[in-house]
Amino acid sequence: MNSPIDTSGESALDGSAAAGPFADVFAGDVSAAVVTCGGCRSSAVFAEQHAYLGAPGTVLRCPGCDHVLARLVQTPTEVWLDLSGSSSWRFPL
Amino acid sequence: MAIFTRGFGGRRDPDAVALPPGQHLTEGFPVLSAGPTQYVEPEDWSFTLTTETDEKQTWSWDDLMNLPSEDVEVDIHCVTRWSKLKSRWRGVPVDAFFEDSESEADYVMAHSYGGYTTNLPLEDLLDGKAWVVHEYDDGPIPAEHGGPVRLLVPHLYFWKSAKWLSGFTMMTGDEPGFWEGFGYHNYGDPWREERYAGD
Ligand SMILES: [Zn+2]
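Set out below in structure tokens:
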């Protein structure tokens, strides 16, 4: 398994590195969901977005324009989810 | 020189330091970032102080170098539970940037290249409690650790010490930054374990 902390400092992790905490909230795998960027309108599956973990929360960014697509923070009692930077999430059935 | 070594005869190590609650020591320097590493050349860097009346004062890298810097050795505490002792920095006390300021606002939003923000009460930045640092361990601050210039506020959790610092905006009322509005504590005192909103 990858370390939960990106210590390379060079680049983002694949979106799939952030799939775990999002799956807990969406009650299912999010890797194949198509996320459309609210900044540049480009679309890519979740697994191909850029993830920053323990930063200290989890941040999903558009690989094209670095726009924040989503943030997720887990506290001891709650999960906070911010999808305001993405215009849509499409889940295959 | 310490007379008692760690763990010897059950004696307490006289050099042992108390960490804030819930923290553990690290010898390394983990890189935590909410976005891509920003690569800003010193000649391209600037710092802008914007007052509540939208007056701006800007310092270039050369301006920064002409302000009196001091060496700082401080413990830093990350909300992800690592603490690093005696980290060595060099920089300008934040007080220097307010000497000619006519701002009367009590709150500051620190801004970074790349868009990160974090909010602080002004009083937490003054009186030698915070620095605009430009050296780490006797050299330039590596980009992944926020160079060329970052904020250093060692008495608060390290997310308040914004990397790639680009400016301060003065605010008459407090407003949350990137993490403060989103699950993390507004103030972030490690000694009171103010990690999350509501702590
Ligand atoms: Zn985009």
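Chains A and B supply the protein sequences, listed in that same order.
Read in order, the letters of the first sequence correspond to residues 0 to 92 in numbering that gives the first Met the number 0.
Read in order, the letters of the second sequence correspond to residues 0 to 198 in numbering that gives the first Met the number 0.
Glycine residues also receive a C-beta, built at the ideal position from the N, C-alpha and C atoms.
Rounded Cβ spacing between residue i and residue j (contact assumed at less than 8 Å)
i      : j      : result
Y195/B : G180/B : That belief does not hold up - the Cβ atoms of Y195/B and G180/B are roughly 13 Å apart, past 8 Å.
G187/B : W158/B : 7 Å
A109/B : L119/B : 7 Å
L139/B : G145/B : Sequence inspection shows Pro at residue 139/B; the Leu mentioned does not correspond to that position. Not confirmed; about 11 Å, so no contact.
R70/A  : G56/A  : 6 Å
V44/A  : V58/A  : Incorrect: roughly 17 Å between the Cβ atoms, too far for contact.
L18/B  : S82/B  : 5 Å
P35/B  : D13/A  : P35/B to D13/A, Cβ: 14 Å. No contact.
A129/B : D123/B : 7 Å
Y156/B : P189/B : 5 Å
Host alpha helix (DSSP H) of residue i (start-end)
i     : result
D62/B : 60 to 64
P92/B : That residue, P92/B, is in no alpha helix (DSSP H); its beta strand (DSSP E) goes 81 to 92.
D23/A : 18 to 25
Secondary structure of residue i, DSSP reduced to three states
i      : result
E98/B  : coil
K55/B  : strand
P120/B : strand
S45/B  : strand
F157/B : helix
Q111/B : Note on residue identity: the sequence assigns Ser, not Gln, to residue 111/B. Residue state, collapsed to three classes: strand.
W178/B : coil
P189/B : helix
H49/A  : strand
G138/B : strand
S83/A  : coil
S41/A  : coil
P91/A  : coil
H144/B : helix
T76/A  : coil
M0/B   : In this predicted model, M0/B has a pLDDT of only 39, less than 50, meaning its place in the structure is not dependable enough to derive any value.
D5/A   : Unreliable positioning characterises D5/A in this predicted model, as indicated by a pLDDT of 38, which lies under 50. The coordinate reading is nonetheless provided below. D5/A falls in the coil class under three-state DSSP.
Extent of the continuous beta strand (DSSP E) to which residue i belongs
i      : result
C36/A  : 33 to 36
E72/B  : 69 to 76
G166/B : 164 to 170
R60/A  : 57 to 60
A69/A  : 67 to 73
R149/B : 149 to 151
Cβ-heavy atom distance, residue i to ligand 2, below 7 Å
i     : result
C77/B : Because ligand 2 does not appear in the structure shown, any question about it cannot be addressed here, the ligands present being ligand 1.
What are the residues in the stretch 156 to 176 of chain B lying within 7 Å of chain A by C-beta distance? Taking 7 Å as the Cβ-Cβ cut-off against chain A, the residues of the stretch 156 to 176 of chain B that qualify are W158.
Mind listing, in chain order, the residues whose beta carbon lies closer than 5 Å to a non-hydrogen atom of ligand 1? Listed by chain position, these are C36/A, G38/A, C39/A, C61/A, G63/A, C64/A, H66/A.
Taking beta-carbon pairs under 7 Å, can you tell me which members of the stretch 38 to 68 of chain A lie near chain B? Flagged, chain order: Y51, G53, A54, P55, G56, V58, R60, D65.
Below 9 Å between beta carbons is the criterion; list the residues of the stretch 73 to 84 of chain A that meet it against any residue of chain B, in chain order. Cβ proximity to chain B below 9 Å picks out Q73, T74, P75, T76, E77, V78, W79, D81 from the stretch 73 to 84 of chain A.
In chain order, what residues of the stretch 27 to 52 of chain B put their CB closer than 7 Å to some CB of chain A? So the close ones are P29, V30, L31, S32, A33, G34, P35, T36.
Positions along the stretch 89 to 106 of chain B whose CB lies within less than 7 Å of some CB in chain A: Here the close residues number zero.
Could you name the residues of the stretch 75 to 87 of chain B whose beta carbon sits closer than 8 Å to any beta carbon of chain A, in the order they occur along the chain? Going along the stretch 75 to 87 of chain B in chain order, one finds C77, V78, T79 with a Cβ nearer than 8 Å to chain A.
Closer than 7 Å between beta carbons: that is the criterion. Which residues of the stretch 11 to 26 of chain A meet it against chain B? Listed in sequence order: A11.
Return the residues of the stretch 176 to 189 of chain B that lie within a Cβ-Cβ distance of less than 8 Å from chain A, sorted by chain order. The stretch 176 to 189 of chain B vs chain A, Cβ under 8 Å: W178, F181, G182, Y183.
Which of the residues in the stretch 112 to 144 of chain B, read from start to end, lie with their CB under 7 Å from any CB of chain A? Residues passing the 7 Å Cβ filter: E143.
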